[in-house]
Amino acid sequence: MGVLHLYKGSMKEVRTIVLSKSVFEENDKEADALRLFLKDKGVFLVNVMSSPGAGKTTTLIALINKLSKFLRVGIMEADIDSDVDAIKVAKETGCKSIQLHTGGMCHLDAGMTTQGLMELGLEDLDLVFLENVGNLVCPAEYDTGAHLDMMILSVPEGDDKPLKYPLIFQKCELVLINKIDTLPYFNFSMENVRRNISYRNKNATVIPISAKKGDGIDEVVEFFKKKTNK
Amino acid sequence: MHELGIVMQVIEQVDNVAAESKIEKVTKIIMEIGEVSSVIPNIFTDAFEWAKKKSNYLKDSELELIILKGITYCRDCKKTYDTVEYAKKCPYCGSLDTYLVTGNEIKIKSIEVV
Numbered sequence: 033m034g035v036l037h038l039y040k041g042s043m044k045e046v047r048t049i050v051l052s053k054s055v056f057e058e059n060d061k062e063a064d065a066l067r068l069f070l071k072d073k074g075v076f077l078v079n080v081m082s083s084p085g086a087g088k089t090t091t092l093i094a095l096i097n098k099l100s101k102f103l104r105v106g107i108m109e110a111d112i113d114s115d116v117d118a119i120k121v122a123k124e125t126g127c128k129s130i131q132l133h134t135g136g137m138c139h140l141d142a143g144m145t146t147q148g149l150m151e152l153g154l155e156d157l158d159l160v161f162l163e164n165v166g167n168l169v170c171p172a173e174y175d176t177g178a179h180l181d182m183m184i185l186s187v188p189e190g191d192d193k194p195l196k197y198p199l200i201f202q203k204c205e206l207v208l209i210n211k212i213d214t215l216p217y218f219n220f221s222m223e224n225v226r227r228n229i230s231y232r233n234k235n236a237t238v239i240p241i242s243a244k245k246g247d248g249i250d251e252v253v254e255f256f257k258k259k260t261n262k
Numbered sequence: 044m045h046e047l048g049i050v051m052q053v054i055e056q057v058d059n060v061a062a063e064s065k066i067e068k069v070t071k072i073i074m075e076i077g078e079v080s081s082v083i084p085n086i087f088t089d090a091f092e093w094a095k096k097k098s099n100y101l102k103d104s105e106l107e108l109i110i111l112k113g114i115t116y117c118r119d120c121k122k123t124y125d126t127v128e129y130a131k132k133c134p135y136c137g138s139l140d141t142y143l144v145t146g147n148e149i150k151i152k153s154i155e156v157v
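Sequence order for the protein chains is A and B. Numbering of the first sequence is given in the numbering used here, commencing with residue 33 and proceeding in unit increments. Numbering of the second sequence is given in the numbering used here, commencing with residue 44 and proceeding in unit increments.
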């Protein structure tokens, strides 16, 4: 907390304390500290966001099964309740996993992420995926301390989502377009979605995938190998 | 709905300041909210009115929201324009190479205390 500037009010005993700080400031500080700490430990943290049902868990399972050949991968599953995701991922990938409950909150912040990582243990890990709560609004506002923010948009959601949820697309360096095997059934244009994403973030990497069929997963694996220098 | 999460954070931060400053109670919180910050003012106020009752320092306090205009800057023609009206596309030259200058704020400006 910075210095407080105190002013005596002119009437009675009411005085004003000027704070002039962003609501997210404390979280941002914690997030920066976590990023540095993880860098020292040699752990690369990825914050994975999407709406509910876009295929975060299925995509991560497909990705981790291939990445595990090069990297020691861990995963933290965040949900409001239940541990179905953590059990599913652990069973299907064999990687180290932990379930976080946000207790009703619609997002994870840097404090919760730090706690989760400590619980997971970092000694034997190179890369940790944080599967955030399924939501395109709140998770984008809170810096988790990740080194990379990525999101998964699925074909049935529509190619106009970057226009409707600007912040999340602005923040994400990697955007996976999932469920491309369903393209024949939806009015979804790959050209439109790429253009809409570039309006928000010119430098975003966009990779079309089908987590279910395995299309495009190798390209995502290459992306992470490059990012982690493996 | 996400307004409530933000309100809870505001209350926590103001409670902390109140405890550190050894005051009796907070009578007013003045916040600056950007027009395109994704916070809807009346929902934010409703959430605040509900949540303040849980804080001893804040239960009688009033919330004032100052709305800050959304202003976007165009890198091509170097002009600024109204974000809410024109969004991403510059109304002067049609460029999409623009960025938001103000309007994204969710800030606690000051509090009044006794």
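No residue lacks a Cβ here, since even glycine has one placed at the ideal position from N, Cα and C.
Chain B contact for residue i (CB, 8 Å cutoff)
i, result
"L140(A)", "no"
"M182(A)", "no"
"F56(A)", "yes"
"C270(A)", "The structure shown has nothing for residue 270(A), since chain A only spans 33 to 262."
"R47(A)", "yes"
"V80(A)", "no"
"M137(A)", "yes"
"L162(A)", "no"
"M43(A)", "Any reading at M43(A) needs caution, since the residue's pLDDT is 49, under 50, leaving its predicted position unreliable; the model's value is listed next. Chain B, which has no Cβ nearer than 8 Å to the Cβ of M43(A), makes this no."
"V35(A)", "Unreliable placement is indicated for V35(A), whose pLDDT of 46 sits below 50; no coordinate value is reported for it."
"K40(A)", "Summary for K40(A): the model assigns pLDDT 47, below 50, so the residue's position carries little reliability; its value from the coordinates is reported in the next sentence. Output row for K40(A): interface = no."
"Y231(A)", "yes"
"V165(A)", "no"
"L199(A)", "yes"
"L99(A)", "no"
"V50(A)", "yes"
Nearest residue (CA-CA) to residue i, options the options
i, options, result
"A86(A)", "I107(A), M137(A), K244(A), M150(A)", "K244(A)"
"D140(B)", "L111(B), V157(B), K121(B)", "K121(B)"
"S242(A)", "F76(A), L51(A), I93(A), Q202(A)", "I93(A)"
"Y135(B)", "G77(B), S153(B), Y116(B)", "Y116(B)"
"P171(A)", "L66(A), P84(A), K120(A), P216(A)", "P84(A)"
"A130(B)", "E155(A), P198(A), N167(A)", "P198(A)"
"S129(A)", "G135(A), L152(A), A142(A)", "L152(A)"
"Y231(A)", "C127(A), D192(A), L215(A)", "D192(A)"
"V79(B)", "E155(B), C133(B), V157(B), N147(B)", "N147(B)"
"G136(A)", "D213(A), G166(A), L154(A)", "G166(A)"
"V82(B)", "K150(B), Q56(B), E92(B)", "K150(B)"
"M150(A)", "V55(A), I249(A), V238(A), V75(A)", "V75(A)"
"E46(B)", "I66(B), I54(B), A90(B), E55(B)", "A90(B)"
"G246(A)", "P194(A), E173(A), K211(A), I229(A)", "K211(A)"
"N228(A)", "A236(A), P194(A), V238(A)", "P194(A)"
"A142(A)", "V46(A), D60(A), V238(A)", "D60(A)"
Cβ of residue i within 8 Å of any chain A Cβ
i, result
"S81(B)", "yes"
"K150(B)", "yes"
"E92(B)", "no"
"V127(B)", "no"
"G146(B)", "no"
"T115(B)", "no"
"L106(B)", "no"
"L139(B)", "yes"
"E78(B)", "no"
"S64(B)", "yes"
"A98(B)", "A small fix is needed here, since residue 98(B) is Ser in this sequence, not Ala. No, no contact with chain A."
"T70(B)", "yes"
"I109(B)", "no"
"H45(B)", "yes"
"I154(B)", "yes"
"I49(B)", "yes"
"K102(B)", "no"
"K131(B)", "yes"
Test: residue i CB closer than 8 Å to a CB of chain D
i, result
"K61(A)", "Protein chains in the displayed structure are A and B, and chain D is not among them."
Cβ distance (whole Å) where residue i is taken to contact residue j below 8 Å
i, j, result
"L162(A)", "V78(A)", "7 Å"
"I303(A)", "S153(B)", "As displayed, chain A neither begins before 33 nor continues past 262, which places residue 303(A) out of reach and without an answer."
"N164(A)", "V225(A)", "Their Cβ separation, rounded to whole angstroms, is 21 Å, which puts N164(A) and V225(A) out of contact at 8 Å."
"K263(A)", "I184(A)", "No answer is possible for residue 263(A): the residues shown for chain A start at 33 and end at 262."
"R67(A)", "G148(A)", "At roughly 15 Å, the Cβ-Cβ gap does not stay under 8 Å, so R67(A) and G148(A) are not in contact."
"F256(A)", "L159(A)", "7 Å"
"F218(A)", "P188(A)", "6 Å"
"D175(A)", "A63(A)", "4 Å"
*Would you be able to state if there are at least three C-beta pairs under 8 Å between the region 73–83 of chain B and the region 92–110 of chain B?*
yes
*Does the pairing of the region 54–68 of chain B with the region 95–103 of chain B give three or more beta-carbon distances under 8 Å?*
yes
*Taking contact to mean at least 3 C-beta pairs separated by less than 8 Å, is the region 103–111 of chain A in contact with the region 199–206 of chain A?*
no
*Fully enclosed by the region 116–141 of chain A, which beta strand (DSSP E) runs are 3 residues long or longer?*
128–133
*asked:* Extract the residue ranges of the alpha helix (DSSP H) inside the region 188–254 of chain A, only unbroken runs of 4 or more that lie entirely within it.
replied: 193–196, 198–203, 222–232
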